[in-house]
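Structure first, then comments.
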Amino acid sequence: QKEVEQNSGPLSVPEGAIASLNCTYSDRGSQSFFWYRQYSGKSPELIMFIYSNGDKEDGRFTAQLNKASQYVSLLIRDSQPSDSATYLCAVSGRVTGGGNKLTFGTGTQLKVEL
Amino acid sequence: NAGVTQTPKFQVLKTGQSMTLQCAQDMNHNSMYWYRQDPGMGLRLIYYSASEGTTDKGEVPNGYNVSRLNKREFSLRLESAAPSQTSVYFCASSGGASKNIQYFGAGTRLSVL
Numbered sequence: 009q010k011e012v013e014q015n016s017g018p019l020s021v022p023e024g025a026i027a028s029l030n031c032t033y034s035d036r037g038s039q040s041f042f043w044y045r046q047y048s049g050k051s052p053e054l055i056m057f058i059y060s061n062g063d064k065e066d067g068r069f070t071a072q073l074n075k076a077s078q079y080v081s082l083l084i085r086d087s088q089p090s091d092s093a094t095y096l097c098a099v100s101g102r103v104t105g106g107g108n109k110l111t112f113g114t115g116t117q118l119k120v121e122l
Numbered sequence: 005n006a007g008v009t010q011t012p013k014f015q016v017l018k019t020g021q022s023m024t025l026q027c028a029q030d031m032n033h034n035s036m037y038w039y040r041q042d043p044g045m046g047l048r049l050i051y052y053s054a055s056e057g058t059t060d061k062g063e064v065p066n067g068y069n070v071s072r073l074n075k076r077e078f079s080l081r082l083e084s085a086a087p088s089q090t091s092v093y094f095c096a097s098s099g100g101a102s103k104n105i106q107y108f109g110a111g112t113r114l115s116v117l
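Protein chains in written order, with my numbering: chain G, 9 to 122; chain S, 5 to 117.
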């Protein structure tokens, strides 16, 4: 079993719809959870992070965390064509002496269609 | 601020050649990381440096060495490149007030023939 699992997609949604991206993780000790967006040929950029159970909202983006179910999701409201990208879920574990090791899922490709 | 800068952006090597990928950050971060990204495999951690003077292996360290030259710079060396090392390499850093967030460089696209 992979440590962080995502459906590779592509997930296609019409413009203006809500896109729902999901991620499950295996390490119950994980404490921090991140969503990165990666456009084709570009580097990952942080969209959201969440540490506590529940929801965290930032503009059109909402991250949801359920530690009991080991499940993280990202909702994108009013999806735009510019949201078309691969979304990477990452889960962190502590590093002795500092730092923050991230384990990434393989990403979900999102396509927002006109 | 440039953030995380990687050089070169592209490189083609022949099997057996060596090269060093350079990474520098100007955010005064303590921790730095090297990842490789392959189709269908996601980002995998090669080596990391939690703080200046320390380095540790990640998930896929074989065939690589690293040097944390100072707080700003963290280099990745391929001593004898193999076709299996064809990949996109990303450097990242974290630290400061947002110590758990990693910021990525633009990447180096490496082909080994």
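Here a beta-carbon is modelled for each residue, glycine too, at the ideal position from N, C-alpha and C.
None of these values were measured; they are calculated from a predicted model.
*asked:* Quick check on the burial criterion: 16 or more other C-beta atoms within 10 angstroms. Buried or exposed for S:Asn32?
replied: In the second sequence, residue 32 of chain S corresponds to position 28, counting from 1. So S:Asn32 counts as exposed.
*Going by the beta-carbon positions, is the gap between G:Ser20 and G:Lys109 smaller than 9 Å?*
Looking up residue 20 of chain G in the first sequence gives position 12. Looking up residue 109 of chain G in the first sequence gives position 101. The answer is no: Cβ separation not under 9 Å.
_So, with DSSP's three-state summary, where would you put G:Asp35?_
Translated into positions along the first sequence, residue 35 of chain G becomes position 27. Three-state DSSP puts G:Asp35 in coil, outside helix and strand.
*Apart from the five residues on each side of it in sequence, which residues of its chain come closer than 7 Å, Cβ to Cβ, to G:Arg68?*
As a first step, residue 68 of chain G is located in the first sequence; it is residue number 60 there, counting from the start. Correct list, in chain order: Ile84, Arg85, Asp86.
*Three or more C-beta pairs closer than 8 Å, one from the stretch 82-89 of chain S and one from the stretch 11-22 of chain S: is that the case here?*
yes
*the stretch 58-77 of chain G in contact with the stretch 37-54 of chain S per 3-pair CB rule at 8 Å*: The stretch 58-77 of chain G makes no contact with the stretch 37-54 of chain S: fewer than 3 CB pairs, one atom from each, lie closer than 8 Å.
*Any non-hydrogen atom of the ligand COA within 8 Å of G:Glu65 CB*: The ligand COA is absent from the structure shown, which contains no ligands of any kind.
*Taking DSSP as the reference, what is the three-state secondary structure of S:Asp60?*
Taking the first residue of the second sequence as 1, we reach residue 60 of chain S at position 56. Note: S:Asp60 maps to strand in three-state DSSP.
*asked:* Taking 6 Å as the limit between beta carbons, can you name the residues of its chain near G:Leu82, skipping five residues before and five after?
replied: On the first sequence, position 74 is the one that residue 82 of chain G refers to. Leu29, Trp43, Ala71, listed in sequence order.
*Where does G:Gln88 land, buried or exposed, given buried means 16+ other C-beta within 10 angstroms?*
Within the first sequence, residue 88 of chain G is the residue found at index 80, counting from 1. By the 10 Å Cβ count, G:Gln88 comes out exposed.
*Whose Cβ in chain S lies nearer than 9 Å to the Cβ of G:Phe57?*
Here residue 57 of chain G refers to the residue found at position 49 when the first sequence is read from its first residue. Here the neighbours are Ser102, Asn104, Ile105.
*Are the C-beta of G:Pro52 and some C-beta of chain S separated by less than 9 Å?*
One-based indexing of the first sequence puts residue 52 of chain G at position 44. For G:Pro52, the answer is yes, since a Cβ of chain S falls inside 9 Å of its Cβ.
_Separation of S:Glu83 from S:Gln21, as counted between CA atoms_ = Indexing the second sequence from 1 puts residue 21 of chain S at position 17. Indexing the second sequence from 1 puts residue 83 of chain S at position 79. So the alpha carbons of these two residues sit roughly 7 Å apart.
*Report the residue from S:Thr11, S:Met23, S:Arg48, S:Asn34 whose alpha carbon sits nearest the alpha carbon of S:Ser102.*
Taking the second sequence and counting its residues from 1, the one referred to as residue 102 of chain S is at position 98. Scanning S:Thr11, S:Met23, S:Arg48, S:Asn34 for the CA closest to the CA of S:Ser102 turns up S:Asn34.
*asked:* Can you tell me whether G:Gln14 is helix, strand or coil according to DSSP?
replied: On the first sequence, residue 14 of chain G is found 6 positions in, with the first residue counted as 1. Correct three-state label for G:Gln14: coil.
*Neighbourhood of G:Leu122 by C-beta distance below 7 Å, restricted to the same chain and skipping five residues each side*: What you label residue 122 of chain G is simply residue 114 of the first sequence in a count that begins at 1. Cβ neighbours of G:Leu122 beyond the five flanking positions: Glu23, Pro89.
*Using a C-beta to C-beta distance shorter than 7 Å, which residues of chain G count as neighbours of S:Ala6?*
As a first step, residue 6 of chain S must be located in the second sequence, where it is residue number 2. Result: empty, since nearest Cβ-Cβ is about 13 Å, beyond 7 Å.
*Quick one: using the 10 Å Cβ neighbour count with 16 as the cut-off for buried, is G:Ala76 buried or exposed?*
As a first step, residue 76 of chain G is located in the first sequence; it is residue number 68 there, counting from the start. Exposed.
*From what residue to what residue does the beta strand (DSSP E) around G:Pro22 run?*
For the purposes of this step, residue 22 of chain G is taken as the residue at position 14 of the first sequence. It spans 19-22 - the beta strand (DSSP E) in which G:Pro22 sits, taken as one unbroken run.
_Quick test of your reading: G:Gly115 and S:Gly46, contact by CB under 8 Å. State the CB separation rounded to the nearest angstrom._
As a first step, residue 115 of chain G must be located in the first sequence, where it is residue number 107. As a first step, residue 46 of chain S must be located in the second sequence, where it is residue number 42. Indeed they touch by this definition, with Cβ atoms about 6 Å apart.
*Provide the residue span of the beta strand (DSSP E) that contains G:Lys50, from first to last.*
One-based indexing of the first sequence puts residue 50 of chain G at position 42. G:Lys50 -> no beta strand (DSSP E), and no H or E assigned at all.
_Buried/exposed call for S:Arg118, threshold 16 Cβ in 10 Å_ = Because chain S spans 5 through 117 in this model, residue 118 of chain S falls outside it and cannot be assessed.
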